[in-house]
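Protein chains in written order, with the working numbering: chain Y, 25 to 362; chain E, 25 to 362; chain Z, 25 to 362; chain C, 25 to 362.
Where is the CB? At the ideal position from N, CA and C, for every residue including glycine.
Owing to the predicted nature of the structure, the values given are computational and were not obtained by experimental measurement.
One structure is given here, and the rest of the page talks about it.
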């Protein structure tokens, strides 16, 4: 089969190669999936650039965690799926339900664990989910990392209630899903961006208050104004320490900050003092469990949510897709179709 | 002032009298409210008929728990409100936040605790809430009992997540609010009624699956069909033991039944066995705390929810309003305007 | 290997036979365990008597869910255990973590799913847990059903806090574990029994208030006295509808009743009205997940808890062990040693 | 009456004066308490030194939040207490139950809100609690700030389960209460101190693993060793940013850090990255609600916990008590008796 490989020690896109690999087979408990679409996350760029932890690019690896396709063969003992089923990958191996566990931290597309940027992939049947009815493969391929992260942040860690206010930072993949979910959950959304055009688009999707953080660098004050001084109840914090200090000012009493933060890296430091007086909290988020994925799919179906796809690239132009991600002009998800 | 009184030992509407009472005054920590609208709940009919517990109609009492009006005087030490504020009553005295407590069970409009069917009423400032912006007094007067009950059931006891399925029984005040809230929260709603017309109306408000329980007396089977055999995640059970046995069949694994049940009384008995296999639960609900009311008001505001008012009666025709409630032809709330 | 079988259509112990079976082998993902000890639960008696659901005794089955032993072989792909590890079975197949699910309801020792009353047994490696350090096999064999049930009731459904009061009914396997756990958690325990001798023994294990329900048939009034009229915070309700009506009187505001109830069967009916006023709840409990088992084992280890074993029978006298269970004179668990 | 006053703009103990004040009276809803004992917290030293926020020492204030005494008069409308009741103060005004709220942040003994270092004090009846049966006034006076903080950290924010591991830093007032509570809850305790003598004392109170952080400055590695590499489930983090970086290494998957941290101040900064991979969280803690106090008192009573009192000073030597606190040689609480 054809597959892309991130070479060991990869530092840039020049180290990503299109290669021929043996066709995989479904062993005991496994399913063989013909991949029909994949999507890119910021993490995938970090893997290629050698920035995603020391081990992430130490091995030759088929990249990307997010894939969708159809089951074309099943191994012995598989009852969860049958040939012809439409499935998506889960980001982690073996995190089925419950809180994060040390023994369920193998993720696809890094550190020698092959991902889905290939014609076929094999998954343990436990590590795939049915895709929401009516979804195309392109749409389904956007879900495993960014959407599950947003869902985990809002519904598990944030436990956001209808009527509460959520702050979203920027319009990357996680934030746009968070906007759709928060809106469906009856929450109020305050959203920041550096682009008035993106703010307008977010408004059309239901964002209630909009802040251009280029024009208003101390945006936390605007957030407080937009909430009558009370601060927000939940923040999907994708900015990292660079924005975290402002987020801790913007959060209200008993507020919850879901810390994702790959985008701005984690070079800075910050002082957590503002949490104390307000009884607020910061929660590390790392994608989510299979149960979160399935619960999210139910919410997507009931609320008729469709992922926002910025652009679809053919498999042959996967490198272009990475470049488009890096340009940071996108709104929503970047998909590669096979 | 003019007020209605339920006479001690009341058995019927004949025992409800329009009387003249001294004008009340706001003492320390209290607010004096000019009542502008009240609403009726099934409980109020039970009080008049001597069916709401042995003590409820043992005393002469101004009836009704649900009132809205404007603050026209405040007592010493009040900082929570000022003259001119628009407020609604809370159902209980002193249940401000946290779980139900034995020492916060005094409710308005029964057992000698005067309610709001009068020109003026005095509340401890702690026992009133600001009404949602843009609400008329008639709209605000629908909230204290039925809406808070529905909110408590869905968001606290039910902890309903977007994408989950909620079963509502009938189209009384609690159920119609629950429909609006569940819809705003991104949940799927299955609703039963004996009237196709009411089912149609519920559908137009967002109900996803509809069951006429007159035509389908074993409606629990229809609920299972409507959920691919899985059962529902939460039931707002207003029917009491008469419907509870069916509800326990209709609820799914880890499902939660919020037991309200005044309407059908509680004469029957039932066997809770179906809860065991499914890990399901039944939770007694008795209106809710002030914090629930305030959280609900935020959700109402963010989601632009408007109470469904069946009919508004003038103060002089309050007895007619009771009769209309008893006829059970209404959809939504019955309001008395002052 | 030697094994006991419950014959299809079993109605009594006469239908339990000692037979020869082929030695099992560990397939992909499986472990082969030499069983060293098993324990009996009330459920196992019901299976033999054809009372545990229509399907439970429809098939020829090796009975008992609770076994402990050593891993003597592992199949391909197993990393969770190695040869020589000491393990216990989990009651359910594939309920690893999270809330109860419809697709994780296969349990050992009923309905054609072979249990552990045999020299060897094969488990999927996911469906076994390491036994607590320092435990004998006899001790470990007491845990999978009764102890996990008690843990589930107190820590998950009951969410019992130090300082809260727990009511335990009788001194069967679940209640005795619940006594040990509740005591270790800093809760206060009220315990009922028909035997003063058993009450004394419970007292020596930390029970704080004792009620002989034979002498005091309306024991719920004693429970209220023992709690200054407030009622208890959590009840591990093993009595079923026969005692549930009293439990609903004995439970306090916001109290939780964990419904287990196999012992008294479920023939009666009851009226859930008392739940409403108090905001109390009833939760069906059916053993628990692997995560609950592992969390419980940690608590057992930290607190130096040892299971109370009533009596140990040799494998050859397994039928006697069943008879001893039926006699109901035991205090704690009945074990069969291989 | 006699009272101590912290003078406006206080910078040191020289600014604390013993003065004569008019005897206070109980107004509507208030109780007059003859103070019999008070206790010191680190915060009280900060108030005197002008380090507890800009406003804390801007006004002339009777210091100390923690007092116990007997009710000697009640104002109109008080039903919660009667003359002769033994009560303790709550740290905050009007935080009765539920999550932290912006409108319940007035605390005793700072910023012009008179505290309890005086012969008499007046409280709103809502802002006092009954002291645990059998407690002396000295014992009761240790509870309002440090003990409630420890309880909030372990049971609300930490939601610590029996069998989980708790890390305590040092042996100040909060840590020693946390040791007693964690032990009573069935948790395992790892405790650090700079003094082997204090470690020994902690061991005798139930601490399971001990680390001298003077001898082992990178104590987080010892914590990991003491937990087989898993890290701890909950940390009562009283050290502030100076220790927080190590705490984030020492916490395990899904672990919770309760951030209190007054002792080391909050001058440093830190990088929250380790939270992400592990799904761990940091929660700001600021004492707690009246409900937490009452729940804690129940746990204290059921488990026979007695506060560890380092030393009791007479009222006339209150300044010496402050000096003793500053010396940091104490183990447990410093009390002033009236």
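Distance, residue j Cα to residue i Cα
| i | j | result |
| --- | --- | --- |
| residue 131 of chain Z | residue 118 of chain Z | 9 Å |
| residue 288 of chain Y | residue 34 of chain Y | Reliability of the predicted coordinates at residue 288 of chain Y is poor, the pLDDT of 47 falling under 50, and no value is obtained from them. |
| residue 365 of chain E | residue 212 of chain E | This structure gives no information on residue 365 of chain E, because the portion of chain E shown stretches from 25 to 362. |
| residue 354 of chain E | residue 345 of chain E | 11 Å |
| residue 329 of chain Z | residue 167 of chain Z | 12 Å |
| residue 52 of chain C | residue 104 of chain C | 13 Å |
| residue 349 of chain Z | residue 158 of chain Z | 27 Å |
| residue 48 of chain Y | residue 146 of chain Z | 29 Å |
| residue 335 of chain E | residue 61 of chain E | 12 Å |
| residue 125 of chain C | residue 278 of chain Y | 7 Å |
| residue 266 of chain Z | residue 293 of chain Z | 8 Å |
| residue 36 of chain C | residue 233 of chain Z | 53 Å |
| residue 229 of chain C | residue 204 of chain C | 7 Å |
| residue 66 of chain C | residue 352 of chain C | 10 Å |
| residue 24 of chain C | residue 258 of chain C | This structure cannot speak to residue 24 of chain C, because chain C is shown only from 25 to 362. |
Local Cβ density within 10 Å of residue i, reported as buried at 16 or more and exposed below that
| i | result |
| --- | --- |
| residue 276 of chain C | buried |
| residue 263 of chain C | buried |
| residue 113 of chain Z | buried |
| residue 239 of chain C | exposed |
| residue 153 of chain Z | buried |
| residue 41 of chain Z | exposed |
| residue 106 of chain Z | exposed |
| residue 32 of chain Y | exposed |
Cβ-Cβ separation, residue j to residue i (assumed contact under 8 Å), whole Å
| i | j | result |
| --- | --- | --- |
| residue 246 of chain C | residue 270 of chain C | That pair is no contact at about 10 Å. |
| residue 206 of chain Z | residue 190 of chain Z | 5 Å |
| residue 250 of chain E | residue 214 of chain E | 5 Å |
| residue 173 of chain Z | residue 74 of chain Z | So it is not a contact: roughly 22 Å between Cβ atoms. |
Own chain, CB closer than 8 Å to residue i, minus 5 neighbours either side, in chain order
| i | result |
| --- | --- |
| residue 142 of chain C | 25, 26, 27, 28, 45, 59, 86 |
| residue 98 of chain Z | 50, 54, 55, 56, 105, 106, 107, 149 |
Beta-carbon contacts of residue i that lie in its chain and below 6 Å, excluding the five residues immediately before and after
| i | result |
| --- | --- |
| residue 235 of chain E | 216, 243, 246 |
| residue 306 of chain Y | 281, 283 |
| residue 68 of chain E | 87, 88 |
| residue 161 of chain Z | 60, 61, 92 |
| residue 38 of chain C | none |
C-beta atoms of residue i and residue j nearer than 8 Å
| i | j | result |
| --- | --- | --- |
| residue 63 of chain Y | residue 358 of chain Y | yes |
| residue 248 of chain Z | residue 208 of chain Z | no |
| residue 362 of chain E | residue 120 of chain C | no |
| residue 137 of chain Y | residue 93 of chain Y | no |
| residue 268 of chain C | residue 298 of chain Y | no |
| residue 79 of chain C | residue 135 of chain C | yes |
| residue 332 of chain E | residue 308 of chain E | no |
| residue 202 of chain E | residue 178 of chain E | yes |
| residue 310 of chain C | residue 301 of chain Y | yes |
| residue 30 of chain C | residue 95 of chain C | no |
Sequence-distant residues of its chain with Cβ nearer than 7 Å to residue i (five each side left out)
| i | result |
| --- | --- |
| residue 129 of chain C | 116 |
| residue 194 of chain Y | 216, 217, 262 |
| residue 315 of chain Z | 120, 121 |
| residue 198 of chain E | 170, 173, 174, 260, 262, 284 |
| residue 342 of chain E | 28, 141, 360 |
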